[in-house]
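Colleague:
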Amino acid sequence: MEDTQKLLKLTKQLITINEEARIQYTTRTHLDTYKVNFYEEVKPFADRALEILKVWEPLARAWVMENKPKYLYPIQIKNTFENIEMVSVVAWQKDTGPKKFNERVQSVEYVLEKIIKQVT
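Take the sequence shown: its letters are residues 64 to 183, numbered as in our numbering.
1. Looking at the structure shown, is Val182 part of a helix, part of a strand, or coil, going by DSSP?
2. Can you confirm whether the segment 88-97 touches the segment 127-147 when touching is taken to mean that 3 or more C-beta pairs between the two stretches lie within less than 8 Å?
3. At a cut of 8 Å, does the segment 75-92 reach the segment 152-160 through at least three beta carbon pairs?
4. Taking Cβ to Cβ, would you say Leu122 is nearer than 7 Å to Asp66?
5. Quick check on Gln87: does DSSP put it in helix, strand or coil?
6. Quick check on Asn26: buried or exposed, where buried means 16 or more other Cβ atoms within 10 Å of its Cβ?
7. Spatial neighbours of Ile78 within its chain, please: C-beta separation below 6 Å, excluding the five flanking residues on both sides.
8. Since Thr143 is in the alpha helix (DSSP H), which residue starts that stretch and which ends it?
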(Lines of atoms letter the chains of each structure in order from A and count residues from 1; the text may use other names and numbers.)
(Lines give C-alpha, C1' and ligand atoms only; values in the text may rest on other atoms or scores of the structure.)
Protein backbone atom coordinates (compact mmCIF):
# COMPACT_ATOMS: atom_id res chain seq x y z
CA MET A 1 0.00 0.00 0.00
CA GLU A 2 1.32 3.42 -0.91
CA ASP A 3 2.49 5.46 2.11
CA THR A 4 -0.03 8.24 1.51
CA GLN A 5 -2.93 5.78 1.44
CA LYS A 6 -1.60 4.04 4.53
CA LEU A 7 -1.28 7.40 6.30
CA LEU A 8 -4.85 8.25 5.38
CA LYS A 9 -6.17 4.90 6.62
CA LEU A 10 -4.26 5.10 9.93
CA THR A 11 -5.27 8.72 10.47
CA LYS A 12 -8.93 7.74 10.10
CA GLN A 13 -8.42 4.91 12.61
CA LEU A 14 -6.91 7.38 15.07
CA ILE A 15 -9.88 9.72 14.62
CA THR A 16 -12.11 6.78 15.58
CA ILE A 17 -9.98 5.99 18.63
CA ASN A 18 -10.01 9.63 19.71
CA GLU A 19 -13.81 9.70 19.36
CA GLU A 20 -14.22 6.41 21.25
CA ALA A 21 -12.12 7.83 24.10
CA ARG A 22 -14.22 11.02 24.14
CA ILE A 23 -17.44 9.01 24.26
CA GLN A 24 -16.07 6.79 27.03
CA TYR A 25 -15.08 9.80 29.10
CA THR A 26 -18.26 11.82 28.57
CA THR A 27 -20.87 9.05 28.82
CA ARG A 28 -19.53 6.30 31.09
CA THR A 29 -16.50 7.21 33.21
CA HIS A 30 -18.29 9.65 35.51
CA LEU A 31 -21.32 7.46 36.23
CA ASP A 32 -21.44 6.52 39.92
CA THR A 33 -22.28 2.94 39.00
CA TYR A 34 -19.41 2.59 36.53
CA LYS A 35 -16.47 0.44 37.61
CA VAL A 36 -13.60 0.24 35.17
CA ASN A 37 -11.90 -3.07 34.42
CA PHE A 38 -8.32 -2.18 33.54
CA TYR A 39 -7.39 -5.47 31.86
CA GLU A 40 -10.62 -5.84 29.88
CA GLU A 41 -11.19 -2.22 28.87
CA VAL A 42 -8.29 0.18 29.32
CA LYS A 43 -5.31 -1.97 28.40
CA PRO A 44 -6.73 -3.42 25.15
CA PHE A 45 -7.87 0.06 24.06
CA ALA A 46 -4.55 1.72 24.89
CA ASP A 47 -2.63 -1.14 23.24
CA ARG A 48 -4.71 -0.82 20.06
CA ALA A 49 -4.07 2.95 19.98
CA LEU A 50 -0.33 2.48 20.53
CA GLU A 51 -0.08 -0.16 17.81
CA ILE A 52 -1.59 2.25 15.27
CA LEU A 53 0.43 5.21 16.58
CA LYS A 54 3.75 3.38 16.16
CA VAL A 55 3.08 2.96 12.44
CA TRP A 56 1.30 6.30 11.94
CA GLU A 57 3.85 8.59 13.60
CA PRO A 58 6.86 8.01 11.29
CA LEU A 59 4.59 8.10 8.22
CA ALA A 60 2.91 11.33 9.34
CA ARG A 61 6.20 12.98 10.31
CA ALA A 62 7.81 12.07 6.97
CA TRP A 63 4.73 13.29 5.07
CA VAL A 64 4.71 16.63 6.93
CA MET A 65 8.45 17.15 6.40
CA GLU A 66 8.23 16.29 2.70
CA ASN A 67 5.01 18.12 1.81
CA LYS A 68 5.25 21.06 4.24
CA PRO A 69 1.47 21.48 4.57
CA LYS A 70 0.09 24.76 5.87
CA TYR A 71 -0.33 24.90 9.65
CA LEU A 72 1.15 21.44 10.28
CA TYR A 73 4.59 20.85 11.74
CA PRO A 74 6.59 17.79 12.83
CA ILE A 75 6.26 18.82 16.51
CA GLN A 76 2.46 18.54 16.16
CA ILE A 77 2.86 14.94 15.02
CA LYS A 78 4.92 14.17 18.13
CA ASN A 79 2.41 15.97 20.37
CA THR A 80 -0.50 14.16 18.72
CA PHE A 81 1.20 10.82 19.37
CA GLU A 82 1.61 11.74 23.05
CA ASN A 83 -1.91 13.15 23.35
CA ILE A 84 -3.56 10.06 21.88
CA GLU A 85 -1.42 7.86 24.10
CA MET A 86 -2.59 9.89 27.12
CA VAL A 87 -6.25 10.15 26.08
CA SER A 88 -6.44 6.39 25.47
CA VAL A 89 -5.72 5.81 29.16
CA VAL A 90 -7.17 8.78 31.06
CA ALA A 91 -10.59 8.47 29.41
CA TRP A 92 -11.33 5.83 32.07
CA GLN A 93 -10.10 7.79 35.09
CA LYS A 94 -12.73 9.51 37.21
CA ASP A 95 -10.22 12.13 38.42
CA THR A 96 -9.39 13.34 34.90
CA GLY A 97 -10.34 16.99 34.57
CA PRO A 98 -12.79 17.73 31.75
CA LYS A 99 -11.02 20.90 30.55
CA LYS A 100 -7.62 19.25 30.06
CA PHE A 101 -9.18 16.08 28.59
CA ASN A 102 -11.28 18.03 26.09
CA GLU A 103 -8.33 20.21 25.09
CA ARG A 104 -6.28 17.10 24.30
CA VAL A 105 -9.11 15.50 22.33
CA GLN A 106 -9.65 18.70 20.33
CA SER A 107 -5.94 19.11 19.67
CA VAL A 108 -5.74 15.54 18.34
CA GLU A 109 -8.84 16.07 16.23
CA TYR A 110 -7.41 19.28 14.73
CA VAL A 111 -4.15 17.66 13.62
CA LEU A 112 -5.77 14.48 12.31
CA GLU A 113 -8.40 16.37 10.33
CA LYS A 114 -5.74 18.71 8.88
CA ILE A 115 -3.81 15.66 7.67
CA ILE A 116 -6.90 14.13 6.06
CA LYS A 117 -7.84 17.38 4.30
CA GLN A 118 -4.34 17.95 2.99
CA VAL A 119 -3.53 14.36 2.02
CA THR A 120 -6.67 13.93 -0.09
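Built from N, CA and C at the ideal position, the CB exists for glycine as well.
Source: prediction; values computed, not measured.
Modeller: So, to answer that:
1. The three-state secondary structure of Val182, taken from DSSP, is helix.
2. Between the segment 127-147 and the segment 88-97, the count of C-beta pairs closer than 8 Å stays below three; the two stretches do not touch.
3. Cβ pair count under 8 Å is three or more, so yes.
4. Yes, they are a contact pair.
5. In the structure shown, Gln87 sits in a helix (DSSP, three-state: H, G or I).
6. Residue 26 is absent from the model: the chain starts at 64 and stops at 183.
7. The answer, listed in chain order, is Leu175.
8. Where Thr143 is concerned, the enclosing alpha helix (DSSP H) stretches over 137-153.
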